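Student: Sharing a structure here in structure tokens format.
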Amino acid sequence: GENVEQHPSTLSVQEGDSAVIKCTYSDSASNYFPWYKQELGKRPQLIIDIRSNVGEKKDQRIAVTLNKTAKHFSLHITETQPEDSAVYFCAASNEAAGNKLTFGGGTRVLVKP
Amino acid sequence: DAGVTQSPTHLIKTRGQQVTLRCSPKSGHDTVSWYQQALGQGPQFIFQYYEEEERQRGNFPDRFSGHQFPNYSSELNVNALLLGDSALYLCASSPERGGLGTQYFGPGTRLLVL
């Protein structure tokens, strides 16, 4: 089955700096890669996703890149703000096989004012 | 338009008991997936329901079972509870037939087994 690894497990950045989180996946059939943000005690919320027919996607301060050959994808947050502090999870799925999400272990991001 | 809802929000049980958790999908969604999230870890897929049938199942024992109703709402049942079943149980619904597309999560049910 699919295996997703996520690094780093914790990330501390100064407000205004950029944050980068990296994930690798094992199943070459995976074609959908969402990123979720989970604040303490809250539900995971989708912040951005990318499908395998696209190499990069951007939404304001957030961008995701995908390298299918190397089987890795990354989340980039620019101009970080204190409200970006949360746990971020990457995930992978094969939409043709029912869209079961396999999650990485999470990255705890702390943005210091 | 209400998003995904779950009940109850918190639950305390003792070992050996049985529990039922409930999920109502987002309006217009027909597929429900259940995940278990242990403290400090990413969610783990339990199973997915579509058209009132279990479509996919993760690596969970058959103590974990579920059901989907004609209105697309779903239940997760766990029998013979173990201490290790303590976790946040998340339900996610998908907007397209068969579970394709973005999954939206409910707030979860936090289960504590004593």
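As given, the protein sequences belong to chains E and W, one line each in that order. So for the first sequence, the working numbering puts the first residue at 1; every next one is plus one. So for the second sequence, the working numbering puts the first residue at 114; every next one is plus one. Glycine residues also receive a C-beta, built at the ideal position from the N, C-alpha and C atoms. All values derive from a computational prediction rather than experimental measurement.
1. Is there contact between the segment 69–87 of chain E and the segment 8–21 of chain E, where contact requires at least three CB pairs shorter than 8 angstroms?
2. Would you list, in sequence order, the uninterrupted beta strand (DSSP E) runs of no fewer than 3 residues that lie entirely inside the segment 153–212 of chain W?
3. Below 8 angstroms on C-beta distance, what does residue 102 (chain E) contact in chain W?
4. Compare the C-alpha of residue 26 (chain E) against each of E:3, E:64, E:109 and name the closest.
5. Using 10 angstroms around the beta-carbon of residue 43 (chain E), count the other beta-carbons present and answer buried if the total reaches 16, otherwise exposed.
6. Leaving aside the five residues before and after residue 97 (chain E) along the sequence, list all residues of the same chain whose C-beta is less than 8 angstroms from its C-beta, in chain order.
7. Identify whether residue 82 (chain E) lies in helix, strand or coil by the three-state DSSP scheme.
8. When you check each C-beta in the segment 24–43 of chain E against every C-beta of chain W, which residues fall closer than 8 angstroms?
9. In terms of alpha-carbon separation, which member of E:1, E:62, E:33 lies closest to residue 68 (chain E)?
10. Output, in sequence order along the chain, the residues in the segment 47–75 of chain E whose CB is closer than 7 angstroms to any CB in chain W.
11. Going by beta-carbon coordinates alone, are residue 163 (chain W) and residue 179 (chain W) separated by less than 7 angstroms?
12. If the cut is a Cβ gap below 7 angstroms, which residues of chain E does residue 218 (chain W) touch?
13. So does the segment 55–64 of chain E actually touch the segment 123–132 of chain W, counting three or more Cβ pairs closer than 8 angstroms?
14. How about residue 105 (chain E): is its C-beta nearer than 7 angstroms to some C-beta of chain W?
15. For residue 189 (chain W), return the contacting residues in chain E, with the cut-off set at a CB-CB distance below 8 angstroms.
16. Indicate whether residue 73 (chain E) and residue 156 (chain W) have their beta-carbon atoms separated by less than 7 angstroms.
17. Given that residue 124 (chain W) touches chain B, what residues does it touch there, using C-beta distances under 9 angstroms?
18. Step through the CB atoms of chain E and report whether any lies within less than 7 angstroms of the CB of residue 168 (chain W).
19. Would residue 197 (chain W) count as contacting chain E if we go by Cβ distances under 7 angstroms?
20. Could you list which residues in chain E have their beta carbon closer than 8 angstroms to that of residue 215 (chain W), in chain order?
21. Roughly how many angstroms separate the alpha carbons of residue 170 (chain W) and residue 99 (chain E), rounded to a whole number?
Tutor: The short version:
1. yes
2. 157–163, 166–170, 177–181, 187–191, 200–207
3. The residue labelled residue 102 (chain E) in the question sits at position 102 within the first sequence. The contacting residues are 158.
4. Here residue 26 (chain E) corresponds to residue number 26 of the first sequence, with the count starting at 1. Nearest option by C-alpha distance: E:3.
5. To locate residue 43 (chain E), count along the first sequence from 1; it is residue 43. The residue in question, residue 43 (chain E), is buried, as its Cβ has 16 or more Cβ neighbours within 10 Å.
6. Counting from 1 along the first sequence, the entry for residue 97 (chain E) is found at position 97. Correct list, in chain order: 29.
7. Here residue 82 (chain E) corresponds to residue number 82 of the first sequence, with the count starting at 1. Looking at residue 82 (chain E) - three-state DSSP - the assignment turns out to be helix.
8. 34, 36, 42, 43
9. Taking the first residue of the first sequence as 1, we reach residue 68 (chain E) at position 68. Selected option, being the one with the closest Cα: E:33.
10. 49
11. Taking the second sequence and counting its residues from 1, the one referred to as residue 163 (chain W) is at position 50. Taking the second sequence and counting its residues from 1, the one referred to as residue 179 (chain W) is at position 66. The answer is no: Cβ separation not under 7 angstroms.
12. For the purposes of this step, residue 218 (chain W) is identified with residue 105 of the second sequence, where counting begins at 1. Chain E residues near residue 218 (chain W): 43, 44.
13. no
14. Along the first sequence, read from residue 1 onward, the residue named residue 105 (chain E) stands at position 105. Chain W contact via Cβ: present.
15. As a first step, residue 189 (chain W) must be located in the second sequence, where it is residue number 76. Within 8 angstroms Cβ-Cβ: nothing; residue 189 (chain W) doesn't reach chain E, min ~16 angstroms.
16. Translated into the one-based positions of the first sequence, residue 73 (chain E) becomes position 73. Translated into the one-based positions of the second sequence, residue 156 (chain W) becomes position 43. Their beta carbons are not under 7 angstroms apart, which means residue 73 (chain E) does not touch residue 156 (chain W) by this criterion.
17. In the displayed structure, chain B is absent; the protein chains listed are E and W.
18. Taking the second sequence and counting its residues from 1, one reaches residue 168 (chain W) at position 55. It does: the Cβ of residue 168 (chain W) has a partner Cβ on chain E nearer than 7 angstroms.
19. Residue 197 (chain W) sits at position 84 when you count from the first residue of the second sequence. No, because no Cβ of chain E sits closer than 7 angstroms to the Cβ of residue 197 (chain W).
20. Here residue 215 (chain W) is taken as the residue at index 102 of the second sequence, counted from 1. Within chain E, the residues near residue 215 (chain W) are 34, 46, 49.
21. On the second sequence, position 57 is the one that residue 170 (chain W) refers to. On the first sequence, position 99 is the one that residue 99 (chain E) refers to. Distance between the alpha carbons of residue 170 (chain W) and residue 99 (chain E): 12 angstroms.
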